[in-house]
Amino acid sequence: MTQFLIRRIFWAIFLFLVATIITYLIFWVIPSDPAALAAGKSATPADIARVSHFLHLDEPIWKQYLRFVWQLVRHGSLGESFVNRQPVRTIISKDAPVTASLVFGGAVLWLSLSIPVGILSALRPRSIMDRVTMTLVLIGISAHPVWIGLIFSYVFGYKLGLTPIAGYCNFFPGTVGAQCEGPVQWAYHLILPWCTFMILFAALYVRLIRANVMETMNEDYVRTARAKGASQQRVMIQHVLRNSMLPVVTILGMDLGLALGGAIFTEGIFNLPGLGREIVQAYNRADLPLITGIVVFSTIAVIVFNFIVDVTYGFLDPRIRPS
Amino acid sequence: MAVNALEVKDLSTSFRTDDGIVKAVSGVSFELAPGSTLGVVGESGSGKSVTFLTVMGLVDPRQATVSGSVLLQGEEMLGASQARMRQIRGRTIGMIFQDPMTSLNPVKTIGWQLQEAVLIHQDVSKKEARQQAIDILKEVEIPRADQRIDDYPHQFSGGMRQRVMIAMALINNPEILIADEPTTALDVTTQAQILRLMKKLQAEHETAIVMITHDLGVVAELADQVIVMYGGKVVEQAKVDDLFVKPEMPYTWGLLGSLPRLNATGARLDQIPGQPPSLLNPPSGCPFHPRCEFVMNICRTELPGLNASTVGDEHLFRCHLDEEARNRIWTQKKAALVSEDAA
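Residue numbers (the working numbering), protein chains in the order written: chain Y, 3 to 325; chain P, -11 to 331.
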């Protein structure tokens, strides 16, 4: 177990270095002038040079990178935004709950739809229900989130007036200057983004779960259970489900980790102030510290979720449980 | 005479597939006396496994059409309700399968799986079920049974897992044990142990055993009665001694010829040329005729009926060859086998 953890930590450090170095390299390659953007429209060349020096942009890129690593290791700081001088950590800790609300709420919805539908499809392959489901799945997989989001927002928000068209409310009351707050408003504003997420992922997951359940039902041990006289219900719950959920856990962990790094399209459509929208803005303003900060956060999210997957996997499957 | 443990009459099973109807089993009949052993021999795809999956009611009713009669201790099982079939499975008939590596659920302890078999059929406490599980594990000679009961299948070797499978099939003390190639996936020394164990348990529990196999050696070791299946049909059936004294059917001769013999130095194993027949487009006439070295014109058009042999009673076979020809050919074959053994 200790060895497992040590290997994990080294792997995490390695991933962190690779991800941040690539971010810095890309930033260095693309033609941009962050100092000019930060200095404002009416700045003179002398102003820009001063800003450039102040932001350490006149140093070589490797030196900037080392400064970033040093600040992180020494002060636990991700630096400050080029644009508004706010600490990156403050910005991320403001945005991350929004993205997390979207991703986890969406995950609950898409799982509670795709698990029963996937299982029912697997139980009756080629039935009418299965065929209808598979057609819807194909549509769901083919549709782009922007399109789904816009259609939802237009139909349910604008035409029918059932939901807000866009916007976000904090779950916890007490935010200064908030227009709306509290769990009810929070959920009300997130319904459409959640449903957009649900359509996208449920399509993939129905297929995945259907395929896994069908495969598991053909396993020899399922035949053994039937030969023992187990009822269909018992066979499904005790023998098929846990075994067929193993691959789903892996994929779910990866998807959650990735999505936490920013659901760019969905947040954009519904104007949710999360990490996805933040990173797009940061790119537009060439705000390197903020971009790097969000990349670091996503990397950590992926690593953490992979770790959770491994632990869950060991819990579900005794064959790979570390003894 | 006491009522038979199992009596199958004219059983046929066919499956609807995308390519057409597959006649996996056609017109199979046999009887199994209480406490006796029936060997069922045939190549892969001869219908031997499907026959007994049908008896167990384990073929998918949406794909399979079944006709004939299956009498279990006098009770008709074809058309019985699902609820009744579930009572039968695991209680009156236990079944073990070919591959012990994949036949146990990998995420449950073997104790859990044994107890499940008890709790489905008996109204006992979990504690009592666990005790029964430990007892049966001791009976199948698993060392330290009271500790190993909490282990997972992957912590056991193949032979040990097959012992667990046998324990699971026998835990409710069934009248019949159907063993579908129980030793095929095991190495030779383990095979012998498993066969000895089955013999011992059969004597103690007075269980009737159906031994499905392609290994005539296993049949010679265990069986009282043998049926040889080919292309979904019974092509020869006999008491085991009669079958080895005088097999009457060219396919059975082929099976005997293809047995490896220890002292046949350097001689090649005889093989039956060709492939098992397609059950989708079965050959006309005798199913074996495309591979038979003694094929005659009549074989291509007419399925031979089940004739009675002159050797042994209740010895039936399907072949158009006349008595004189069969005697002559078997005498030659036997001489060849014996001279190889002597060499």
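Cβ coordinates follow ideal geometry from the N, Cα and C atoms, glycine included.
Margin query: Tell me the residue span of the beta strand (DSSP E) that contains Y/T226.
Written below: First-last for Y/T226: 222 to 229, but that is the alpha helix (DSSP H), not the beta strand (DSSP E).
Margin query: On the CB-based measure, 16 or more other CB atoms within 10 Å of its CB, does Y/N214 come out buried or exposed?
Written below: buried
Notebook entry, point to check: When you compare each of Y/V208, Y/P89, Y/A227, Y/G316 to P/I84 by their alpha carbons, which one comes out closest?
Noted result: Y/A227
Next item on the list: Taking Y/Y170 and Y/H191 to be in contact with their CB atoms under 8 Å, please state how far apart those CB atoms are, rounded to whole angstroms.
Entry: 6 Å
Next item on the list: Could you have a look at P/R79 and say whether DSSP puts it in helix, strand or coil?
Entry: coil
Check: With 8 Å set as the bound, which would you pick, yes or no: does the beta-carbon of Y/R133 sit closer than that to a beta-carbon of chain P?
Finding: no
Check: Can we say the region 79 to 96 of chain P touches the region 228 to 244 of chain Y, given the rule of at least three CB pairs closer than 8 Å?
Finding: yes
Note to self: Pairs of beta-carbons, one from the region 42 to 59 of chain Y and one from the region 249 to 261 of chain Y, closer than 8 Å: are there three or more?
What the structure shows: no
Notebook entry, point to check: Near Y/R69, what residues of its chain come up, given a Cβ to Cβ distance below 8 Å and the 5 sequence neighbours on each side ignored?
Noted result: Excluding sequence neighbours, Y/R69 sits near H58, E61.
Checklist line | Cut-off 7 Å between Cβ atoms - residues of its own chain near Y/Q73, not counting five sequence neighbours on either side | finding: S79, G81
Item checked: Three-state secondary structure assigned by DSSP to P/E19 -> strand
Check: beta strand (DSSP E) containing P/L165: first to last residue?
Finding: 164 to 168
Next item on the list: Determine the burial state of Y/K43: buried for a count of at least 16 other Cβ atoms within 10 Å of its Cβ, exposed for fewer.
Entry: exposed
Next item on the list: Taking P/P270 as the reference, give the member of P/W100, P/I182, P/G219, P/I215 with the closest Cα.
Entry: P/G219
Next item on the list: Give the residues of chain P in contact with Y/D319, contact being defined as C-beta atoms less than 9 Å apart.
Entry: P94, V95
Margin query: Buried or exposed for Y/N172, going by 16 or more other Cβ atoms inside 10 Å?
Written below: It counts as buried.
Checklist line | Opening and closing residue of the beta strand (DSSP E) in which P/Y218 lies | finding: Per DSSP, the unbroken beta strand (DSSP E) holding P/Y218 starts and ends at 213 to 218.
Note to self: With a threshold of 8 Å on Cβ separation, who are the neighbours of Y/G159 within its own chain once the five nearest residues in sequence on each side are excluded?
What the structure shows: T165, P166, I167, A168, L194
Check: What residues match up with Y/S83 in a beta bridge as DSSP calls it?
Finding: Looking at the DSSP output, Y/S83 bridges to nothing.
Item checked: Status (buried if at least 16 other CB within 10 Å, exposed otherwise) for P/T177 -> exposed
Next item on the list: Compute the beta-carbon to beta-carbon distance between P/V223 and P/Y239, rounded to the nearest angstrom, for a pair I have assumed lies under 8 Å.
Entry: At roughly 6 Å, the Cβ-Cβ gap stays under 8 Å, so P/V223 and P/Y239 are in contact.
Check: For the alpha helix (DSSP H) that contains P/V(-4), what are its first and last residues?
Finding: P/V(-4) -> not in any alpha helix (DSSP H); beta strand (DSSP E) instead, spanning -6 to 5.
Next item on the list: Please list, in chain order, all residues of the same chain as Y/R126 whose beta carbon is under 7 Å from its beta carbon, the five residues on each side excluded.
Entry: For Y/R126, where only same-chain residues beyond five positions count, the Cβ hits under 7 Å are D132.
Check: Any residues in the region 35 to 62 of chain P with a beta carbon nearer than 7 Å to a beta carbon of chain Y? Which ones, in chain order?
Finding: Answer in chain order: M44, L46.
Check: Is P/N160 helix, strand or coil when you go by DSSP?
Finding: The three-state secondary structure of P/N160, taken from DSSP, is coil.
Item checked: Inter-residue spacing [alpha-carbon to alpha-carbon] between P/E290 and P/R72 -> 40 Å
Checklist line | Contacts around Y/F154, its chain only, beta-carbon distance under 7 Å, and the 5 residues preceding and following it disregarded | finding: L194, C197, T198
Next item on the list: Identify the continuous beta strand (DSSP E) that holds Y/Q5 and give its terminal residues.
Entry: That residue, Y/Q5, is in no beta strand (DSSP E); its alpha helix (DSSP H) goes 4 to 31.
Notebook entry, point to check: Thinking C-beta only, is Y/T218 closer than 8 Å to Y/V242?
Noted result: Y/T218 sits close to Y/V242, with the two beta carbons spaced by under 8 Å.
Note to self: Quick check on the burial criterion: 16 or more other C-beta atoms within 10 angstroms. Buried or exposed for Y/L162?
What the structure shows: exposed
Next item on the list: Would you mind giving the Cβ-Cβ distance between P/I286 and P/H308, rounded to the nearest angstrom? I have them listed as a contact below 8 Å.
Entry: 5 Å
Next item on the list: Using a cut-off of 9 Å between C-beta atoms, extract the partners of P/I200 located in chain Y.
Entry: Here the premise fails: no neighbours, minimum Cβ distance about 14 Å.
Margin query: Rounded to whole angstroms, what is the Cα-Cα separation between Y/L113 and Y/V134?
Written below: 19 Å
Notebook entry, point to check: chain A beta carbons: is any one of them nearer than 8 Å to that of P/G205?
Noted result: Any reference to chain A falls outside this structure, whose protein chains are Y and P.
Notebook entry, point to check: Distance, Cα to Cα, P/L102 vs P/H277?
Noted result: Taking the straight line from one Cα to the other gives about 46 Å.
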